[in-house]
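Remarks on the structure that follows.
Residue numbers (full-length UniProt numbering), protein chains in the order written: chain A, 1 to 394; chain B, 1 to 394.
Given below as structure tokens:
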């Protein structure tokens with residue numbers, strides 16, 4: 001199977017309230033007869049996932065890899081982003097000769113349900129009202145994201161995944177995949193992730209949500225209908241979150257206390273320090289590509305994630321009887337998803353008798369290390385993938 | 001000397017735009033002939049500091065201790081707060097039988113210049129316009145705060161301080177006191193502090209400032225004149241900052257992933273988790289007692305603080321020739337002002353040949369540990385103070 005041609009949908013395009021409704025990628029549509037059964041009790045229909053593919057599915061359909069994206073990622077893993085024009089978010093990991101080698105594997109990545117790059121989410125049109133869903137969109141969980149991806153993979157003719165891989169929220173999805181569809185996952189690679197969102201991480205997310213909701217242009221979530229956008233609030237949320245993705249040492253190395261374009265303070269509230277200028281830029285550019293309500297929904301999905309709780313309180317029970325092989329990776333300077341979280345996953349996998357390897361990569365780049373150039377990470381991931389491929393005979 | 005009676009100023013009270021202008025504490029006023037010479041080049045006059053005192057100055061005037069408050073603290077160290085009605089912020093440390101024993105010492109604490117509890121700041125009236133200063137107030141530095149305190153202490157007849165003590169931003173002031181007025185400081189106790197604000201800390205502060213400025217009710221800083229208050233923006237800033245004051249383990253112990261008043265998620269954006277409810281409460285209560293522009297000014301002062309930079313780039317030169325004795329304290333779980341920052345201060349003091357003791361207190365309470373019940377901290381501080389008092393013969 002090669003990548004299908006993008007499908008145009010003039011109806012959807014007409015109704016689109018923002019660029020997210022016109023995905024420059026493939027779209028899998030599910031009608032009223034194929035609802036997404038969600039944890040909140042809603043049967044969502046119709047719905048759709050926007051996705052990208054790279055490489056070719058082999059004749060045995062045994063070489064498919066699903067990549068799961070993080071909070072503000074999307075399906076554009078290894079192609080230039082249609083909105084920003086920048087390279088995909090994981091070109092270091094996915095491509096010819098990369099650990100997820102598109103010369104060997106058929107790589108799929110879908111925008112999560114609740115997202116804003118073409119998958120159904122709060123910015124999509126509610127078919128019952130003709131208006132954007134806004135806060136009427138049902139709350140999404142990590143498990144809902146995975147259920148949606150499973151239906152997509154079936155649609156693509158892939159019942160058995162060679163590998164599911166992802167970092168941060170993507171890693172949460174990997175763990176959920178292994179727990180929910182163990183028979184469909186040959187290998188699982190959760191990176192810089194955890195089996196439950198910590199109190200501190202919930203706290204940071206809540207601050208971001210409050211920043212969005214504090215913006216009067218959020219309009220109680222109805223900003224699309226009212227022609228507004230809560231840009232300032234979303235930018236503040238992004239700035240705050242961005243600080244948590246980096247380590248103090250990375251910030252010190254990149255910016256230190258250096259002033260922006262001068263040697264001394266201005267004694268004003270201008271962006272005196274380079275770090276201030278950098279953060280403001282991060283906030284401003286983010287709002288051009290991301291929907292504020294999607295930000296609320298996807299952060300909430302992470303907060304709700306607690307894989308042990310889904311299995312009677314015992315994390316090992318989430319993986320009982322699994323035959324998947326696991327490769328867990330963390331980074332020394334990641335204080336948002338610290339190594340201890342990965343160790344808890346590894347302990348549970350060991351208790352469940354699973355095959356698991358674990359690597360803590362020495363890096364000073366913080367949580368975002370999984371997106372950056374980390375040769376040790378590439379080498380370790382490539383070793384795991386190549387070994388798994390040999391075991392599967394591909 | 002006993003504490004002077006509070007001074008009423010009906011003119012100031014009339015002009016007051018908020019409760020901060022009517023301090024329920026003593027006020028030291030400095031006229032046009034006693035300007036505060038500020039780092040930004042401004043000679044501020046007239047100006048005032050609101051302050052509290054506890055205990056009695058001895059006949060030799062050798063038993064005065066200056067306590068320096070943190071970012072959102074104020075002069076109400078050991079008495080009930082006039083706005084919130086809650087106990088003072090350091091009753092654990094200051095009082096009869098406490099490490100800073102008010103039966104033995106004369107303890108003074110002043111609201112910093114730029115603050116909002118009665119000291120001159122952006123909410124005060126600009127005498128040239130009759131309107132609140134707003135952003136026309138000159139930018140403040142830690143050194144300016146210390147210069148103002150030094151003038152206050154002279155006004156109170158105290159040229160030599162037995163001790164200067166404080167945590168966080170208060171600890172920055174302690175270090176600045178020791179560097180700027182070494183002959184006036186017998187003992188210095190900086191707690192959970194650093195000699196320069198880190199890139200990560202500047203970043204968190206900038207997010208908070210942007211949250212305030214994103215609130216349309218901030219009105220470009222002119223909210224007092226326009227009868228508005230940027231409550232939502234300031235609440236978001238406080239929520240974000242509050243997360244940084246606690247450790248993940250403290251958050252986990254206090255809140256974990258527990259839901260608020262129920263067993264399961266609501267699948268909504270209500271405060272589902274206890275930590276969310278707690279943070280929202282922190283934000284809401286903070287805006288009742290703090291001025292938004294003061295928040296901008298005082299965070300900025302911390303960002304600008306770089307004691308080494310004030311001394312040609314070498315921190316040891318800030319303390320060269322000092323005869324003060326130092327006691328530096330940090331907390332194991334403080335990731336905002338980690339122990340490494342205190343170690344850098346200790347190394348510089350050692351290089352300068354200063355007398356210095358250092359204790360890293362084992363605590364899981366994060367940066368806020370210095371405000372909380374930490375017996376090891378009390379014991380260590382009391383030991384230092386008692387030893388210094390014996391050395392000074394008081």
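Every residue gets a Cβ at the ideal spot worked out from N, C-alpha and C, and that includes glycine.
| query | result |
| --- | --- |
| For residue 26 of chain A, count the other beta carbons within 10 Å of its own beta carbon; 16 or more makes it buried, fewer makes it exposed. Which is it? | buried |
| Determine the extent of the alpha helix (DSSP H) in which residue 383 of chain A is found, giving its start and end residues. | 375-392 |
| Could you list which residues in chain A have their beta carbon closer than 7 Å to that of residue 304 of chain B, in chain order? | 265 |
| Measure the beta-carbon distance from residue 366 of chain B to residue 250 of chain B and round it to whole angstroms, keeping in mind my assumption that it falls under 8 Å. | 5 Å |
| Quick one: grab the DSSP three-state call for residue 91 of chain B. | coil |
| Residue 177 of chain A and residue 187 of chain A - do their beta-carbons sit closer together than 8 Å? | no |
| Figure out for me which residue from B/238, B/195, B/216 has the closest Cα to the Cα of residue 311 of chain B. | B/195 |
| What does the alpha-carbon distance come out to for the pair residue 208 of chain B and residue 172 of chain B? | 20 Å |
| I need the DSSP call for residue 309 of chain B, collapsed to helix, strand or coil. | helix |
| Does DSSP put residue 284 of chain A in a helix, a strand or coil? | helix |
| Within the same chain, show all residues whose beta-carbon is closer than 8 Å to that of residue 361 of chain B, passing over the 5 residues directly before and after it, in chain order. | 329, 330, 331, 332, 369, 374, 376, 377, 380 |
| If we cut at 8 Å on Cβ distances, does residue 300 of chain B have a partner in chain A? | yes |
| Assign residue 230 of chain B to one of two classes, buried (16 or more other C-beta atoms within 10 Å of its C-beta) or exposed (fewer than that). | buried |
| For residue 106 of chain A and residue 63 of chain A, I'd like the C-alpha separation in whole angstroms. | 6 Å |
| Would a check of beta-carbon distances place residue 196 of chain A closer than 8 Å to chain B? | yes |
| Using three-state DSSP, classify residue 14 of chain A as helix, strand or coil. | Note on residue 14 of chain A: pLDDT 33, under 50, position unreliable in the model; the coordinate value appears next. Helix. |
| In or out: residue 127 of chain B buried (at least 16 other Cβ within 10 Å) or exposed? | exposed |
| Which residues in chain B sit within 7 Å of residue 200 of chain A, going by Cβ to Cβ distance? | 243, 248, 251 |
| Quick one: give me the first and last residue of the alpha helix (DSSP H) that residue 242 of chain B is part of. | 231-245 |
| Going straight from the alpha carbon of residue 61 of chain B to that of residue 158 of chain B, what length do you get? | 6 Å |
| Are the C-beta of residue 284 of chain B and some C-beta of chain A separated by less than 8 Å? | no |
| Figure out for me which residue from B/350, B/337, B/272 has the closest Cα to the Cα of residue 318 of chain B. | B/350 |
| Counting only beta-carbon atoms, is residue 40 of chain A nearer than 8 Å to chain B? | yes |
| Over the uninterrupted beta strand (DSSP E) stretch that includes residue 300 of chain B, give me the two end residues. | No beta strand (DSSP E) contains residue 300 of chain B, which is instead part of the alpha helix (DSSP H) from 292-304. |
| For a cutoff of 8 Å on Cβ pairs, would you count residue 320 of chain B as touching chain A? | no |
| When you compare only the Cα positions, how much space is there between residue 357 of chain B and residue 252 of chain B? | 32 Å |
| Buried or exposed for residue 422 of chain A, going by 16 or more other Cβ atoms inside 10 Å? | Outside the shown range of chain A (1 to 394) lies residue 422 of chain A, about which nothing can therefore be said. |
| Keeping to the same chain, check which residues put their C-beta closer than 7 Å to that of residue 181 of chain A; ignore five residues upstream and five downstream. | 150 |
| Kindly give me the distance between the Cβ atoms of residue 371 of chain A and residue 89 of chain A, rounded to whole angstroms, as I take these residues to be in contact under 8 Å. | 6 Å |
| Entirely within the segment 95-156 of chain B and at least 4 residues each: give me those alpha helix (DSSP H) ranges in chain order. | 142-155 |
| Return the first residue and the last residue of the alpha helix (DSSP H) that residue 339 of chain A is part of. | 339-351 |
| CA-CA distance, residue 50 of chain A and residue 141 of chain A? | 18 Å |
| Going straight from the alpha carbon of residue 290 of chain B to that of residue 355 of chain B, what length do you get? | 38 Å |
| Looking at the unbroken beta strand (DSSP E) that takes in residue 47 of chain A, where does it start and where does it end? | 47-54 |
| Find out if the Cβ-Cβ distance for the pair residue 416 of chain B, residue 275 of chain A is shorter than 8 Å. | Residue 416 of chain B lies beyond the range of chain B shown here (1 to 394); nothing can be said about it. |
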